[in-house]
Each structure stands twice: as C-alpha cells, then as structure tokens.
Amino acid sequence: GVVWTEFEVIGLRETVDSSSSAADPSEGMGTLRLKREVGLISAVSLIAGTMIGSGIFMSPEWVLYHMGSPAGSLIIWAACGLLVMFGALSYAELGTIIKESGGDYIYILRNFGSLPAFLFAYTSIIVVRPASMAGVSLSFAKYAVAPFYQGCSTPEVVVKCTAASCILLLTIINCLNVRLATAIMNIFTAAKLLVLLVIVIGGVVLLINGHTQSFQDAFQNTTTGIGPVGVAFYQGLWSYDGWNNLNFVTEELKKPEVNLPRAMMIAIPLVTCLYLLVNVSYFAALTPAELLSSGAVACGHVPPPSPFFSLPFSL
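Residues 763 to 1077 in our numbering are what the sequence shown lists, from first letter to last.
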C-alpha cells in the first residue's frame, strides 16, 4: 500500500512474571495481552489490502519485459501466487503455534534467540523498510504527476520531490494521529479495489469487442532462461508483498488457530485471481509493445479525455 500499511508490534511487550513467560512464552499468565478484536472479515481485508498496492500497476511491464510474451507473463503471475500460498501456509502453522504478535521477529526470537532476532529487526528498520517505502513512494509519485506530463517524459526531479513530500506528509500524519492514519489507509484500500474493478470491467468489455490481438501467438518470444525468469519472479512477488502481515497482529485475532489459516486461504487466492484478471485486461487494452513503452501501465489503460482519472492508480 501507499500509506504506512503495517502497524507492527515488534518485540515491545511487558512481562510481569518472567518465569511464567519463560515456561510458556505464547500463553504466559503474567504477560500482558492485546484484545482479540480482529475477526475473519477484518483479517481477510488486512491481508488483501496490504498486498494490493502500486506493484500491480508497475510490475506487469517488467514481468513482460523479462518473459517476452503475454502467456509467459500470466504464468509467472499465477506461479507467484502459488509460491506465496505455500509461504502463507507455513506462516499459518507458525502463527497457530506461537500466538504472539510480531511476525518474523517473534518467530526468530522464539526459535533462534535474541541475537538473530535483533539483527533481523535492525536490518528491517535500517534497510528493508526504508527501501520498500522509497520504492512505493516513487511509484506513487510517478502516477500522481503523470497527468501533468502527457506526451512527454516526467522530469526525474519532480518525481523524487513528490515522493519525498509524500513520505514526509505520511510520517507527520502517523506521528500526530494513528486513527487518522488508519482511516487514510482504509480509504486508499477502497480506492485501489475500485480501480482494479474498473480495469477488469474495461478489459472484459474490450475482449467482448474483439480486442484479442495480444493473445494471438501468446507464447511467441517466451524466455526460458533461468536468469530472466528469476528476475520476472522477483518483479511479480513484489506485487504480492504483504501476504504475511496478519502474523504481526496474531494476538489481536479472534480464534487465531482457525481464522489465521482461513483468512490466508481466502485472501491470497482472491488477490491472485484479481491480479491475473488485471493483467489480462492490460493485454486487452494494450499490445505488448505498447505495454513495454508505458512507464505507468494503468494510465495507458485510461482514455486520453480523462487524464486526472489516472491519479487513483498511484494508491
């Protein structure tokens, strides 16, 4: 997502009775617990909302570039969803055994000790999260300024300044009011779902009207090299990032042993199918050559008379 989509609890917990906690870290009687208020529907929304982001609007161009054909691209998107599903099942097993919030950090802490857990947290805070946020912000900026530079390339300095301003604004909002940040995240999630629905409906209409040129000889020029396929997987998996976010709030989940795996089994196939339909819609609206030349794929999907409609695609 574009807003700070992960309100993670990373190891910040108070222990009243350390001996009781050591005996049973996940169910210690002396450990303060968060209220279990997240139901199944909210859990599905959390996973889907954090997975669907700017990646589905930016990655299709690069997946096609490395795979060389529409059919190869669709296979990569489906395979990424399957791979994420396997990972989600593993995390569901961990989440039902270690019923604590914290996600990756708490699993490393309980299984390998404090040093590896500290290194993971340090790396996430210093490198992984900032780099991810920079990429998402640049993606947002690229789409946000695209309507103002139709027919010409967007100046790099404008994109970077817009991205930096976005990060600063959202940081201030998160520091001032968490509820406001949550409300903004919910609005952006709804906007993203609406945008994907518009794209899918548009693609269906185009296919009905005979726009199937991209699917003629769909496997032509397909790449089979390990290197390009691996990079294509990397680009596709970026769009699926966020599938494990529910594990960060396990303590707040009602009946985690039931709802955690169930939410993953619902949300991830749903997002995978949605991503496949969106990519089919892209190929219905644009030829492979046009898709490769469009830095902002979703903007190319929108008719020229409505330039400002492309702004929601940046969410």
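Backbone N, C-alpha and C fix where the C-beta goes; we use that ideal spot for every residue, glycine too. Note that the structure is a prediction, hence the values are computed from the model and not measured.
Can you list, in chain order, the residues of its chain whose CB lies under 8 angstroms from that of residue i, leaving out five sequence neighbours each side?
{"i": "L900", "result": "V921, K922 and A925"}
Here's a check: name, in chain order, each residue in its chain whose Cβ is nearer than 6 angstroms to the Cβ of residue i, leaving out the five neighbours to either side.
{"i": "G817", "result": "W1000 and S1001"}
{"i": "A879", "result": "Y867, I870 and L871"}
{"i": "A810", "result": "A1029 and V1033"}
Rank the options by C-alpha distance to the C-alpha of residue i and give the top, closest one.
{"i": "P1050", "options": "M820, F977 and S894", "result": "F977"}
{"i": "M1080", "options": "V1011, G801, G897 and T885", "result": "Nothing can be reported for residue 1080: it is not among the residues displayed for the chain, which extend from 763 to 1077."}
{"i": "V825", "options": "P990, N1006, N1009 and S1055", "result": "P990"}
{"i": "V957", "options": "V1040, P822 and L938", "result": "V1040"}
{"i": "I961", "options": "F1045, I949 and I888", "result": "F1045"}
{"i": "G834", "options": "M813, G992 and L1022", "result": "G992"}
{"i": "L1036", "options": "I814, G972 and G801", "result": "I814"}
{"i": "G801", "options": "L1038, F950, V1011 and S1043", "result": "V1011"}
{"i": "H973", "options": "L942, V1033, K954 and A1047", "result": "A1047"}
{"i": "F848", "options": "K1016, S1043, W1005 and M829", "result": "W1005"}
{"i": "I803", "options": "E1013, L1008 and S1055", "result": "L1008"}
{"i": "Y996", "options": "E823, T812, A810 and L938", "result": "E823"}
{"i": "L856", "options": "L844, V1020 and G964", "result": "V1020"}
{"i": "P1023", "options": "A850, T812, A810 and L845", "result": "A850"}
{"i": "A854", "options": "L932, L955, L1038 and P1018", "result": "P1018"}
{"i": "Q975", "options": "F874, E1052 and T858", "result": "E1052"}
Kindly list the residues whose CB is nearer than 7 angstroms to the CB of residue i, restricted to its own chain and excluding five residues on each side of it in sequence; keep chain order.
{"i": "I860", "result": "S788, I868, Y869 and R872"}
{"i": "D786", "result": "Only weak support exists for where D786 lies, its pLDDT of 42 falling under 50; the coordinates are left without a value."}
{"i": "G998", "result": "S821, V825, I838, W839 and C842"}
{"i": "S831", "result": "A980, F981, Q982, N983 and T984"}
{"i": "V882", "result": "Correcting the residue type first, residue 882 is Phe in the shown sequence and not Val. Closer than 7 angstroms at Cβ, skipping near neighbours: D866, Y867 and I870."}
{"i": "M895", "result": "I929"}
Would DSSP call residue i helix, strand or coil?
{"i": "F882", "result": "helix"}
{"i": "N1007", "result": "helix"}
{"i": "N948", "result": "helix"}
{"i": "S876", "result": "helix"}
{"i": "G913", "result": "coil"}
{"i": "G972", "result": "coil"}
Over what stretch of residues does the alpha helix (DSSP H) that includes residue i continue unbroken?
{"i": "T933", "result": "E918 to L938"}
{"i": "I809", "result": "L802 to M813"}
{"i": "L1015", "result": "Careful: L1015 lies outside any alpha helix (DSSP H) and carries neither H nor E."}
{"i": "F977", "result": "Where F977 is concerned, there is no enclosing alpha helix (DSSP H), given that its DSSP letter is neither H nor E."}
{"i": "A1127", "result": "Outside the shown range of the chain, which is 763 to 1077, sits residue 1127, and nothing can be said about it."}
{"i": "S894", "result": "R891 to V907"}
* To do: Output the residue ranges of the alpha helix (DSSP H) runs that lie fully inside the region 1018 to 1061 and measure 4 residues or longer, sorted by chain position.
  => Within the region 1018 to 1061, the complete alpha helix (DSSP H) runs of at least 4 residues are 1018 to 1047 and 1050 to 1055.
* Asked: Of all the alpha helix (DSSP H) runs that stay within the bounds of the region 816 to 874, which reach a length of 4 or more residues?
  -> Segments of the alpha helix (DSSP H) lying fully in the region 816 to 874: 817 to 829, 832 to 859 and 866 to 874.
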